[in-house]
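Participant: Residue numbers (the UniProt record's numbering): 1 to 127.
Please see the structure below; I have some questions.
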């Protein structure tokens with residue numbers, strides 16, 4: 001379905017300490033609906049439970065059905081992956097204009113939890 005996907009990145013919790021410096025990371029979140037269209041939050045310093053309250057907008061052309069969420073730890077040389085997850089957004093197509101809250105569970109490796117990301121999503125169709 002064609003339209004606009006408004007994503008409010010609210011917060012994350014239970015993230016991993018990838019720096020190994022007393023339960024701290026410098027997390028940011030990267031959101032995407034396909035390989036060509038992604039957006040990134042600001043970095044929150046020294047926390048495993050960041051609050052973002054940032055809004056992003058994606059334009060859907062009809063082929064995208066998944067919101068990909070990846071959380072990384074900002075470092076000087078190489079950013080570490082804290083976890084990634086995905087959310088099927090097709091449910092929103094039958095609820096146009098309605099804001100819906102979701103918790104995206106992040107995985108670090110195959111079975112380890114990487115924390116959670118809280119988002120509020122709204123789909124606005126374009127006819």
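Using N, Cα and C, we set each Cβ at its ideal position, and we do this for glycine too.
These numbers come from a predicted model, not from an experiment.
1. Exposed or buried, what is residue 70 when buried is set at 16 or more other beta-carbons lying within 10 Å of its beta-carbon?
2. What alpha helix (DSSP H) runs, 4 residues minimum, are completely inside the UniProt domain "C2" (1-102)?
3. Tell me residue 122's beta-bridge partners as DSSP assigns them.
4. Can you tell me the Cα-Cα spacing of residue 83 and residue 13, whole angstroms?
5. With C-beta atoms as the reference, is residue 102 less than 8 angstroms away from residue 124?
6. Taking all protein chains shown into account, decide if residue 9 is buried (16 or more other Cβ within 10 angstroms of its Cβ) or exposed.
7. List the DSSP bridge partners of residue 115.
8. Give me, in chain order, the residues of the same chain whose beta-carbon lies closer than 6 angstroms to that of residue 99; leave out the 5 immediate sequence neighbours on both sides.
9. Residue 5 and residue 25: beta carbons closer than 8 angstroms?
10. Contact defined as beta carbons within less than 8 angstroms: I believe residue 58 pairs with residue 33. What is the distance between those atoms, to the nearest angstrom?
11. Please determine, among 60, 74, 126 and 116, the residue with the shortest C-alpha to C-alpha distance to residue 44.
12. Does the separation of the CB atoms of residue 67 and residue 31 fall below 8 angstroms?
Facilitator: Concretely, from the data shown:
1. For residue 70, the number of other beta carbons within 10 angstroms of its own is at least 16, and it is reported as buried.
2. Runs of the alpha helix (DSSP H) inside the UniProt domain "C2" (1-102): 90-93.
3. Beta-bridge pairing links residue 122 to 6 and 99.
4. C-alpha separation (whole angstroms): 12 angstroms.
5. Result no, Cβ atoms of residue 102 and residue 124 do not sit closer than 8 angstroms.
6. By the neighbour-count criterion, in which 16 or more other beta carbons inside 10 Å mark a residue as buried, residue 9 falls on the buried side.
7. In the DSSP output, where bridge partners are listed per residue, residue 115 has 106.
8. 120 and 122, listed in sequence order.
9. In this structure, residue 25 does not lie closer than 8 angstroms to residue 5 by Cβ.
10. Right, the Cβ-Cβ distance comes to about 5 angstroms (below 8 angstroms), so this counts as a contact.
11. Of the listed residues, the one whose Cα sits closest to residue 44 is 74.
12. Against a cut-off of 8 angstroms, the Cβ pair of residue 31 and residue 67 comes out as a contact.
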